[in-house]
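So that you can map any letter, position 69 of the sequence shown is 69 in full-length UniProt numbering, and since no number is skipped, the others follow by simple counting.
No residue lacks a Cβ here, since even glycine has one placed at the ideal position from N, Cα and C.
Small disclaimer: the values here were computed from a predicted structure and weren't measured.
One structure is given below, encoded as structure tokens.
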Amino acid sequence: TILPPLTLEESLETTRVYSSVGLLEKNIALIATRPVRAPHHTASGPALVGGGTVPRPGELSLAHHGILFLDEFAEFPRHILEMIRQPLEAGTVTVSRAKGTIIFPARFILIAAMNPCPCGYFGTSRRKCKCTPRQVERYISRVSGPLLDRIDIHIDVPPVGFGTLRGKSSRRDSDAIRQRVVGARQIQAERFGAGKLITNATMRHKQVEKFCVLDEPCEQMLKQAMIEFGLSARAHDKICKVARTIADLDNCQDILPEHIAEAISYRKLDRKL
Numbered sequence: 001t002i003l004p005p006l007t008l009e010e011s012l013e014t015t016r017v018y019s020s021v022g023l024l025e026k027n028i029a030l031i032a033t034r035p036v037r038a039p040h041h042t043a044s045g046p047a048l049v050g051g052g053t054v055p056r057p058g059e060l061s062l063a064h065h066g067i068l069f070l071d072e073f074a075e076f077p078r079h080i081l082e083m084i085r086q087p088l089e090a091g092t093v094t095v096s097r098a099k100g101t102i103i104f105p106a107r108f109i110l111i112a113a114m115n116p117c118p119c120g121y122f123g124t125s126r127r128k129c130k131c132t133p134r135q136v137e138r139y140i141s142r143v144s145g146p147l148l149d150r151i152d153i154h155i156d157v158p159p160v161g162f163g164t165l166r167g168k169s170s171r172r173d174s175d176a177i178r179q180r181v182v183g184a185r186q187i188q189a190e191r192f193g194a195g196k197l198i199t200n201a202t203m204r205h206k207q208v209e210k211f212c213v214l215d216e217p218c219e220q221m222l223k224q225a226m227i228e229f230g231l232s233a234r235a236h237d238k239i240c241k242v243a244r245t246i247a248d249l250d251n252c253q254d255i256l257p258e259h260i261a262e263a264i265s266y267r268k269l270d271r272k273l
């Protein structure tokens, strides 16, 4: 994994969640690795966000401080996907029952994967897509605009070629990337100090204005993208936060035009909404 190691506080929080549902493995007093959860697209609402007669954490909370991977994203029922919107921003899940309300932690990294169309070949040269433009549009619209707006990065992933599939992956590459990630996290820890903010992703608009200062070329580039693609205020902040993170990975104090350009390129689906 390229993710940084859990801090002691993160490890304690993750351990408490798993202990509360009886998923803490024997002879393990403290979870030391970031969790990865991958629920099936047929998972129910309570299984995903938590609930039950006696409320218990769901997959979102089990992915706390880790990864929530939702494959076949567009195959999840729309009302289930809409349950993710609030936790994505708040980092918590609220379960209300007649006897009271329980708040579970749910600060996870969402990774969602979906086909570009029902047949899966839209935009590829390997096979001809059999879908009509209307079918493609309807398929993408299974995921609502407001939910896509809350996802920081949208990218196309091309089919994996035979050479890449059969080639040996380099552990050294992952280790090098992880060191860059750890370095970027350290920069962010120094930036935010002892406050509640931990990463760039958790910044609110006021923090974006303070920590994502743009020079004139960056301002003009972002302005042009906002107008051309009809981006929302939330997308504006997402671009600034991603650009700030790219700059941190480059160990660069200032956000440069190339950082803004790269961040804008990651708003792929905004151009199709």
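Take residue 49 and list the residues in its own chain whose beta-carbon comes closer than 6 Å to its own, dropping the five residues that flank it on each side.
-> Taking the first residue of the sequence shown as position 1, residue 49 is located at position 49. Cβ within range, chain order: 58, 60, 83, 93.
Say whether the region 87 to 102 touches the region 112 to 126, bearing in mind that this needs 3 or more beta-carbon pairs closer than 8 Å, one atom from each stretch.
-> no
Taking residue 239 and residue 256 to be in contact with their CB atoms under 8 Å, please state how far apart those CB atoms are, rounded to whole angstroms.
-> As a position in the sequence shown, residue 239 is number 239, starting the count at 1. As a position in the sequence shown, residue 256 is number 256, starting the count at 1. Actually they do not touch by this definition, with Cβ atoms about 14 Å apart.
Per the contact definition of three or more C-beta pairs closer than 8 Å, is the region 72 to 86 in contact with the region 140 to 153?
-> yes
Would you kindly work out how many angstroms separate the C-alpha atoms of residue 253 and residue 213, rounded to a whole number?
-> The residue you call residue 253 lines up with position 253 of the sequence shown. The residue you call residue 213 lines up with position 213 of the sequence shown. Taking the straight line joining both Cα atoms gives about 10 Å.
Look at residue 17 and residue 133 and say whether their C-beta atoms are less than 9 Å apart.
-> Here residue 17 is taken as the residue at index 17 of the sequence shown, counted from 1. Here residue 133 is taken as the residue at index 133 of the sequence shown, counted from 1. No, the pair does not count as a contact, with Cβ atoms beyond the cut-off.
According to DSSP, which residues form a beta bridge with residue 267?
-> Within the sequence shown, numbered from 1, the residue matching residue 267 stands at position 267. In DSSP, residue 267 forms a bridge with 154.
Residue burial classification, residue 264 (beta-carbon count within 10 angstroms, cutoff 16) = By 1-based counting over the sequence shown, the position of residue 264 is 264. Buried is the call here.
Presumed contact (8 Å Cβ cut-off) between residue 2 and residue 177, rounded CB distance = As a first step, residue 2 is located in the sequence shown; it is residue number 2 there, counting from the start. As a first step, residue 177 is located in the sequence shown; it is residue number 177 there, counting from the start. The pair is a contact, with the Cβ atoms about 5 Å apart (cut-off 8 Å).
Are there 16 or more other CB atoms within 10 angstroms of the CB of residue 244, so buried, or fewer, so exposed?
-> On the sequence shown, position 244 is the one that residue 244 refers to. Counting Cβ neighbours within 10 Å, residue 244 comes out buried, since at least 16 surround it.
Going by DSSP, name the residue or residues bridged to residue 96.
-> For the purposes of this step, residue 96 is taken as the residue at position 96 of the sequence shown. Its beta-bridge partners are 101.
Could you tell me how far apart the beta carbons of residue 34 and residue 6 are, in whole angstroms, since I believe they sit closer than 8 Å?
-> As a first step, residue 34 is located in the sequence shown; it is residue number 34 there, counting from the start. As a first step, residue 6 is located in the sequence shown; it is residue number 6 there, counting from the start. About 6 Å; that satisfies the 8 Å criterion.
Nearest-angstrom Cα distance between residue 52 and residue 261?
-> Position 52 of the sequence shown holds residue 52. Position 261 of the sequence shown holds residue 261. Rounded to whole angstroms, residue 52 to residue 261 spans 45 Å at the Cα level.
Minimum length 4: unbroken alpha helix (DSSP H) runs contained in the UniProt domain "Magnesium chelatase ChlI-like catalytic" (1 to 160) = 8 to 20, 45 to 49, 59 to 62, 78 to 82, 85 to 90, 133 to 140, 145 to 149
Could you tell me the boundaries of the alpha helix (DSSP H) in which residue 203 lies?
-> Residue 203 sits at position 203 when you count from the first residue of the sequence shown. Counting along the chain, residue 203 falls outside any alpha helix (DSSP H), and DSSP gives it neither H nor E.
Where does the unbroken alpha helix (DSSP H) through residue 255 begin, and where does it stop?
-> As a first step, residue 255 must be located in the sequence shown, where it is residue number 255. Careful: residue 255 lies outside any alpha helix (DSSP H) and carries neither H nor E.
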